[in-house]
Amino acid sequence: MEKLKIAGGYPLKGSVRISGAKNSAVALIPATILAESTVSIDGLPDISDVQILKDLIEEIGGTVSLKNDEIVIDPSNIVSMPLPNGKVKKLRASYYLMGAMLGRFKKAVIGLPGGCHLGPRPIDQHIKGFEALGARVTNEQGAIYLRADELRGARIYLDVVSVGATINIMLAAVRAKGQTIIENAAKEPEIIDVATLLSSMGAKIKGAGTDVIRIQGVDKLSGCHHTIIPDRIEAGTYMILGAAMAKEVLIDNVIPLHLESLIAKFREMGIMVETTEDQIWIAGTDNLKAVDIKTLVYPGFPTDLQQPFTALLTKAKGTGMVTDTIYGARFKHIDELRRMNAQIKVEGRSAIVTGPVQLQGAKVKASDLRAGASLVVAGLMAEGITEITGLEHIDRGYSQLEEKLTGLGATIWREKLSEEEIEQLQNS
Ligand SMILES: CC(=O)N[C@H]1[C@@H](OP(=O)(O)OP(=O)(O)OC[C@H]2O[C@@H](n3ccc(=O)[nH]c3=O)[C@H](O)[C@@H]2O)O[C@H](CO)[C@@H](O)[C@@H]1O
Ligand SMILES: C=C(OP(=O)(O)O)C(=O)O
Numbered sequence: 001m002e003k004l005k006i007a008g009g010y011p012l013k014g015s016v017r018i019s020g021a022k023n024s025a026v027a028l029i030p031a032t033i034l035a036e037s038t039v040s041i042d043g044l045p046d047i048s049d050v051q052i053l054k055d056l057i058e059e060i061g062g063t064v065s066l067k068n069d070e071i072v073i074d075p076s077n078i079v080s081m082p083l084p085n086g087k088v089k090k091l092r093a094s095y096y097l098m099g100a101m102l103g104r105f106k107k108a109v110i111g112l113p114g115g116c117h118l119g120p121r122p123i124d125q126h127i128k129g130f131e132a133l134g135a136r137v138t139n140e141q142g143a144i145y146l147r148a149d150e151l152r153g154a155r156i157y158l159d160v161v162s163v164g165a166t167i168n169i170m171l172a173a174v175r176a177k178g179q180t181i182i183e184n185a186a187k188e189p190e191i192i193d194v195a196t197l198l199s200s201m202g203a204k205i206k207g208a209g210t211d212v213i214r215i216q217g218v219d220k221l222s223g224c225h226h227t228i229i230p231d232r233i234e235a236g237t238y239m240i241l242g243a244a245m246a247k248e249v250l251i252d253n254v255i256p257l258h259l260e261s262l263i264a265k266f267r268e269m270g271i272m273v274e275t276t277e278d279q280i281w282i283a284g285t286d287n288l289k290a291v292d293i294k295t296l297v298y299p300g301f302p303t304d305l306q307q308p309f310t311a312l313l314t315k316a317k318g319t320g321m322v323t324d325t326i327y328g329a330r331f332k333h334i335d336e337l338r339r340m341n342a343q344i345k346v347e348g349r350s351a352i353v354t355g356p357v358q359l360q361g362a363k364v365k366a367s368d369l370r371a372g373a374s375l376v377v378a379g380l381m382a383e384g385i386t387e388i389t390g391l392e393h394i395d396r397g398y399s400q401l402e403e404k405l406t407g408l409g410a411t412i413w414r415e416k417l418s419e420e421e422i423e424q425l426q427n428s
C-alpha cells in the first residue's frame, strides 16, 4: 500500500496532455465482446479500471494485448462464462458485461458492480431495458442472471436519465431483432463514442448524443479500429488545478465543447480561458470570485467535477454553494478538506464553501475517485506537506498522475505505507 505526498503552495506552469476517457474506455472494452473478429482501440488511459477489464475479457476467453495506449482484442473465442464474483466487484462499469454478453450469447451471469460509493447506485433502469428486450432477469445472491430465447427490439423510456443504462441497453439492442428506441436517453459524449465504435463494427444506431436513440438490430458485428475521445473529467481536473495554482497552463488533447459548463463557471469566477479546436489555455488568478454550481446531466455541470471544484472554491472570495442533484451524498471529501482548514458545511444535497482560506497540508484519505482528485487539488494549493491515502481510488481514473503533475512543476511522489500506517488505516 502506498500514499501520495505533495509539497504544496508552489505555482504550476506548463502543458499537460489528456488521456483517453475512462468512462468511454470502460464501455468500449466490453463492447468488443459483440464482434466476431479483432477490434483495436487506441488512446486508452493507463488506469486500473482498464487493466481489470482486460483481465476480465481474458477470463472469459478473449485474446488481449495491451501495449502503451492500444488494446487489441480478439473476441472470437469468448464464452458466456459466469462472473458472479471477483474482479467485477472492483469497478462500476463491469455492468457493461451484462449488455454485451446478453447481446452476443443471449445469456450472462454478472456480479453486482462496485465503483465509487456515492450513496445508492441502483441499476433498475438497465434491468428494465434488458427485460423490455425480452430477457428474464433475476438477482441471485448478489449476481444478476440474464437469459433470453431471443432479443426483440422495443421502445424503452428511461425513468431516470442514466449513462450506464443508455449504453447497456444499446449494447444488447444492437443484436436484437428489429428496432429499439431509447427515450429519455443520456447524452454524454461517452455515449456517442460507444455508438461510434458499435457503428464501425456494423451496428445501425441513430441519435446517440440526443435523448432519443434508435437502433436497428443486425445479425453480425465485425472487427474494426477505434480511437477513443479525450477524458473531459481528467481535463476538467487539470483545468481546476491550473486555475488554482498556475500562472498559466495549456491543456492539450481536449474537446472544449465537452467542458462548456466548467468554462462558463471559470469565466464567472474571473479566470481567463482561451480555447482552440483541441486545446484549452487557462491563466490562474488570486482574485477568484465565489460562484454556485449545480450538477446536472450532460451538458450541465458534471457531478464528477463537483469534488475537485469544491477545493478550488476554498480560494474564492465569498460563499459558493455546490449542489449535487445526481448523487446527493457525494460529500465524503468535505471532512478531509476541513482537516486542511477549509470552511465548508454540508446541508442536505449542498456544500457551502466560504473563502478565501489558505489550505494547510494534512494527512487525508481519498474515499472515492473524485474525492481523491479533490484532495490532490487541495494538496497542491496547501502550505506544507499533504499525505493522501486511498490511492486505489485515484488509480481507477487518473492516468500517470504524478508524471503529468511533475511536468507542470509540482512536487509530488509516492511512498510505501509503514506497517503501523496500514494498521491505522484498516482500523479507521
Ligand atoms: C462508468 C461511468 O460511466 N460512470 C459514470 C456514470 O455512472 P452511472 O452510469 O453509474 O451513472 P448514471 O448516469 O446511471 O446515474 C445517474 C443517476 O441515476 C440513478 N440511476 C441510475 C441507473 C439506474 O438504473 N437507476 C437509477 O436510479 C443513479 O443513482 C444516479 O443518481 O455516470 C455518472 C453520472 O454522470 C458518473 O458520475 C460516473 O462517472
Ligand atoms: C463515479 C465515477 O466512476 P464510477 O462510475 O466508475 O464509479 C467517476 O468517474 O467519478
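Take 1 as the starting number for the sequence shown in this note's numbering and just add one per residue.
Every residue gets a Cβ at the ideal spot worked out from N, C-alpha and C, and that includes glycine.
Q | Test item, CB below 5 Å from any non-hydrogen atom of ligand 2 | A | Residues with their Cβ less than 5 Å from any non-hydrogen atom of ligand 2, running along the chain, are R92, G115, C116, D304, L369, R370.
Q.
Going by DSSP, what residue range makes up the beta strand (DSSP E) through T389?
A. T389: member of the beta strand (DSSP E) spanning 384-389, first to last residue.
Q) Apart from the five residues just before and just after G43, which ones in its own chain have a Cβ nearer than 6 Å to its Cβ? A) Setting aside the 5 residues that flank it on each side, G43 is surrounded in the same chain by G20, D69, T227, I228, each with a C-beta closer than 6 Å to its C-beta; the list follows chain order.
Q | Segment contact, 8 Å Cβ cut-off, at least three pairs: the region 345-355 with the region 401-419 | A | No: fewer than three Cβ pairs fall under 8 Å.
(Q) Does the contact criterion of 3 or more C-beta pairs under 8 Å hold for the region 75-82 versus the region 91-99? (A) No: the two stretches stay apart, fewer than three of their Cβ pairs being nearer than 8 Å.
Q) Per DSSP, what kind of secondary structure is H117 in: helix, strand or coil? A) Of the three classes helix, strand and coil, the one that applies to H117 here is coil, per DSSP.
**Q.** Coil, strand or helix - V353 by DSSP
**A.** Here V353 sits in strand by DSSP.
Q) Would you call E183 buried or exposed, if buried means 16 or more other Cβ atoms sit within 10 Å of its Cβ? A) Counting Cβ neighbours within 10 Å, E183 comes out exposed, since fewer than 16 surround it.
Q. Can G9 be considered in contact with ligand 1, in the sense that its beta carbon sits closer than 7 Å to one or more heavy atoms?
A. No, since every heavy atom of ligand 1 falls outside the 7 Å radius drawn around the Cβ of G9.
Q. What number of angstroms, rounded off, separates the C-alpha of A25 from the C-alpha of V50?
A. Rounded to whole angstroms, A25 to V50 spans 7 Å at the Cα level.
Q: Could you tell me the boundaries of the beta strand (DSSP E) in which K365 lies?
A: Where K365 is concerned, the enclosing beta strand (DSSP E) stretches over 363-365.
(Q) Once DSSP output is grouped into helix, strand and coil, what is the label at T180? (A) Assigned with DSSP and collapsed to three states, T180 falls in strand.
**Q.** Between the CA atoms of A283 and I18 - distance to the nearest angstrom
**A.** Cα to Cα, the separation comes out at about 18 Å.
**Q.** Stretch pair the region 252-259 + the region 271-282: three plus CB contacts closer than 8 Å
**A.** Taking 8 Å as the limit for Cβ pairs, the verdict is that the region 271-282 does touch the region 252-259.
Q) Applying the criterion that 16 or more other CB atoms from any shown protein chain within 10 Å of the CB defines a buried residue, is A264 buried or exposed? A) Classification of A264: exposed, given that the 10 Å Cβ count is below 16.
Q: Under the assumption that V376 contacts A244 (Cβ atoms under 8 Å), give the Cβ distance between them as a whole number of angstroms.
A: V376 to A244, Cβ: 11 Å. No contact.
**Q.** Residue environment, P120, which counts as buried when at least 16 other CB atoms sit within 10 Å
**A.** It counts as exposed.
Q) Terminal residues of the continuous beta strand (DSSP E) containing N68? A) Taken as a continuous stretch (DSSP letters only), N68 belongs to no beta strand (DSSP E), as it is neither H nor E.
Q) Going by Cα to Cα distance, which pick from P308, F105, V64 is closest to V174? A) The closest CA to that of V174, considering only P308, F105, V64, is found on F105.
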